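Under my numbering, the first sequence has 168 at position 162, and the numbering climbs by one with no breaks. All residues carry an ideal CB built from backbone N, CA and C; glycine is no exception. Predicted model only: the values in this text are computed from it and were never measured. Below is one structure, written out as structure tokens; comments come after it.
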Amino acid sequence: MADRRADARYRPARAALRWYDGHRRDFPWRAAPGAVADPYHVWLAEMMLQQTTTAAAKPYFEKFVSRWPSVLALAAAERGVILEAWAGLGYYRRAHHLHQCATVIARDYGGVFPKSEEALRQLPGVGAYSAAAIAAIAFGERAAAIDANIERVLSRLYRFRGSRAELLAIAREVLPRVRVGDYTQALMDIGSGICRFRSPLCLACPFVRRCLARAAGDQDSLPVRVGRKSRRRLYGAAFVMVRGDGAIFLRRREDRGLLGGMMEVPMSAWRGDAGFDFLGDAPIEADWVLLGGIRHSFTHIDLGLGVYVAGVSGDLSGLMGERDARWVALDCLGGEALPSLVRKVLAVLGDSPKRGVWGAKPPAKKGGSGGIPPKRVGGWEKSFRAASVATRGVASKRKRPTHAPPERQELL
DNA sequence: GAACCGTGGCC
DNA sequence: TGGCCAAGGTT
7 MADRRADARY RPARAALRWY DGHRRDFPWR AAPGAVADPY HVWLAEMMLQ QTTTAAAKPY
67 FEKFVSRWPS VLALAAAERG VILEAWAGLG YYRRAHHLHQ CATVIARDYG GVFPKSEEAL
127 RQLPGVGAYS AAAIAAIAFG ERAAAIDANI ERVLSRLYRF RGSRAELLAI AREVLPRVRV
187 GDYTQALMDI GSGICRFRSP LCLACPFVRR CLARAAGDQD SLPVRVGRKS RRRLYGAAFV
247 MVRGDGAIFL RRREDRGLLG GMMEVPMSAW RGDAGFDFLG DAPIEADWVL LGGIRHSFTH
307 IDLGLGVYVA GVSGDLSGLM GERDARWVAL DCLGGEALPS LVRKVLAVLG DSPKRGVWGA
367 KPPAKKGGSG GIPPKRVGGW EKSFRAASVA TRGVASKRKR PTHAPPERQE LL
């Protein structure tokens, strides 16, 4: 038999924890050093951080904790209000799961999160990674969480090119018996700040002398990347209806699918053909004016939208058959569950892009309060009135964006 | 297993 | 600009 010590895989826990004690990042969802983390905070953060940067999630986390200090408070909130608070963060299915999960915790667990990885895994929106992360960070359970950061660190450390399941086995093998939560977050911090996707700072890494990829010089090729499909290009039109008092018509999208449950202005179908009859999909007959266009990229769709606007009057009750439809005053748009796509559409009506719907601050600048809708909007209505007076002049003078549909003179 | 699901930053 | 990335989960 071979000597067990000679075969033992390097365990990074000691070095990781020592590094963590001196270099840990400070986040609002993290407990103070040595303190016990709040499971509600850990869970909420993990839901927000799925495929999302810490900079983007941070202001949302602070807003949520401020508005709903406990999981019971969150469970008592209306779904639409949660969607409004989530607006701009993306992957809106997470907001639905968030509410569902809070309801389950309130109803089945008396407002107390379960501790075990297995029980957590059963909750809506909690997958293999999140269950392990919450169990380890909030409860100190010996659960091995592997996110993109930890996968990168371990893949390079062991120069590993195998399957995810094999990596999980390795992660469990080297998991420490104490301070599992700190260890997990240490690997995340090292992965984020040192063992970066590109230009890793190996000389600052606590594992520099143990890292097999570093020794071989192939750290840049790890972990093995999976090829991504290119986006489909689709085209369509958005129809902004403005009532005499300046209110805009919004409706709620279906719960399922893209932007599920979020508010929108009516839109045409989205097709691969950039020149189809968009106005045939208009919600009502009106003097639609093409004001401009926007581009927006989703995970799997590259979308170009022409933005049409029309002043409307008379009996508009027929529109109210739409799901959760309503007329919203301009200064109330910030309180609606408007995804970034729709905010971008509405920004075309203002002379200062983004300003009209996002408020004074443009969205998501370097860790700022991006994505948090303002309470007030300014200077927007006047410029829209000027634009609507100019009508066709505005439409023809505006530069057509690359992927916007061509102007259809015969229909204008 | 593969497709779907947002958004903003970086190079 | 276009491609890639990020504390992934669900169907």
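Just mark residue i as buried or exposed, buried being the case when its beta carbon has 16 or more other beta carbons within 10 Å.
| i | result |
| --- | --- |
| Tyr16 | exposed |
| Tyr115 | exposed |
| Phe67 | buried |
| Ala22 | buried |
| Phe255 | buried |
| Glu123 | buried |
| Lys350 | buried |
| Glu84 | exposed |
| Glu52 | buried |
| Asp44 | buried |
| Pro34 | exposed |
| Arg24 | exposed |
| Gln191 | buried |
| Tyr26 | buried |
| Ala210 | exposed |
| Gln128 | exposed |
| Ala138 | buried |
| Leu50 | buried |
| Pro75 | exposed |
| Leu207 | exposed |
| Pro289 | buried |
| Ser323 | exposed |
| Asp188 | buried |
| Lys405 | No answer about Lys405 holds up, because its pLDDT of 34 lies below 50 and its placement is not dependable. |
| Gly4 | One cannot answer for residue 4 here, as it falls past the ends of the chain, which runs 7 to 418. |
| Arg183 | exposed |
| Trp364 | Per-residue confidence for Trp364 stands at a pLDDT of 32, beneath the threshold of 50, marking its modelled position as unreliable; the derived number appears in the next sentence. Burial call: buried. |
| Ala353 | buried |
| Ser136 | buried |
| Trp131 | Checking the sequence, you will find Gly at residue 131 rather than Trp. Looking at its Cβ environment, which holds 16 or more other Cβ atoms inside 10 Å, Gly131 is buried. |
| Asp71 | The sequence given here has Val at residue 71, not Asp. Flag for Val71 reads buried. |
| Arg36 | buried |
Please look up how many angstroms separate the CB atoms of residue i and residue j, rounded, as I've assumed it's under 8 angstroms.
| i | j | result |
| --- | --- | --- |
| Leu285 | Trp276 | With a Cβ gap of about 15 angstroms, Leu285 and Trp276 do not count as contacting. |
| Leu297 | Leu355 | 6 angstroms |
| Ala253 | Val186 | That belief does not hold up - the Cβ atoms of Ala253 and Val186 are roughly 53 angstroms apart, past 8 angstroms. |
| Thr59 | Gly96 | Between Gly96 and Thr59 the Cβ distance is about 11 angstroms, and since that is not below 8 angstroms, they are no contact. |
| Val159 | Leu193 | 5 angstroms |
| Leu78 | Ala112 | 5 angstroms |
| Ala331 | Leu325 | 6 angstroms |
| Leu240 | Gly278 | 6 angstroms |
| Leu347 | His302 | 5 angstroms |
| Ala108 | Arg165 | About 42 angstroms separates the two Cβ atoms, so there is no contact after all. |
Check whether the Cβ atoms of residue i and residue j lie closer than 8 angstroms to each other.
| i | j | result |
| --- | --- | --- |
| Pro345 | Ala93 | yes |
| Ala243 | Asp287 | yes |
| Ile156 | Gly197 | yes |
| Leu89 | Ala343 | yes |
| Ala91 | Lys64 | no |
| Asp308 | Arg204 | no |
| Pro229 | Ser169 | no |
| Val313 | Arg249 | no |
| Phe119 | Ala144 | yes |
| Ala150 | Ala177 | yes |
| Gly267 | Tyr46 | no |
| Arg148 | Leu174 | no |
Short of 7 angstroms in beta carbon distance, which residues of its chain neighbour residue i, apart from the five on each side in sequence? Order them along the chain.
| i | result |
| --- | --- |
| Glu328 | Arg257 |
| Arg31 | Asp195 |
Residues in its own chain within less than 8 angstroms of residue i by CB, not counting five upstream and five downstream?
| i | result |
| --- | --- |
| Leu163 | Tyr16, Pro18, Phe213, Arg216, Cys217, Leu218 and Ala219 |
| Glu260 | Gly266, Gly267 and Arg329 |
| Ile235 | Before going further, note that residue 235 is Lys rather than Ile in the sequence given. Result list for Lys235: His306, in chain order. |
Is residue i near the ligand SAH - that is, is its Cβ less than 7 angstroms away from at least one heavy atom of it?
| i | result |
| --- | --- |
| Phe282 | Ligands in the displayed structure: none, and consequently the ligand SAH is not present. |
Can you find the residues in the same chain that come closer than 6 angstroms, C-beta to C-beta, to residue i, ignoring five residues on each side of it along the sequence?
| i | result |
| --- | --- |
| Arg202 | none |
| Met269 | Leu256, Arg258, Glu342, Ala343 and Leu344 |
| Phe304 | none |
| Leu104 | Met53 |
| Arg391 | Residue placement at Arg391 is flagged as unreliable, the pLDDT there being 32, under the threshold of 50; a coordinate-derived value is accordingly withheld. |
| Ala335 | Ala253 |
| Gly28 | none |
| Arg167 | Val230 |
Residue ranges of each beta strand (DSSP E) within the segment 206-283, 3 or longer
Fully enclosed beta strand (DSSP E) runs of 3 or longer: 238-249 and 254-258.
What are the uninterrupted segments assigned as alpha helix (DSSP H) that are 4 or more residues long and contained completely in the segment 110-186, given in chain order?
123-127, 134-145, 154-163 and 170-179
What beta strand (DSSP E) runs, 3 residues minimum, are completely inside the segment 14-39?
Counting only runs of 3 or more, we get nothing.
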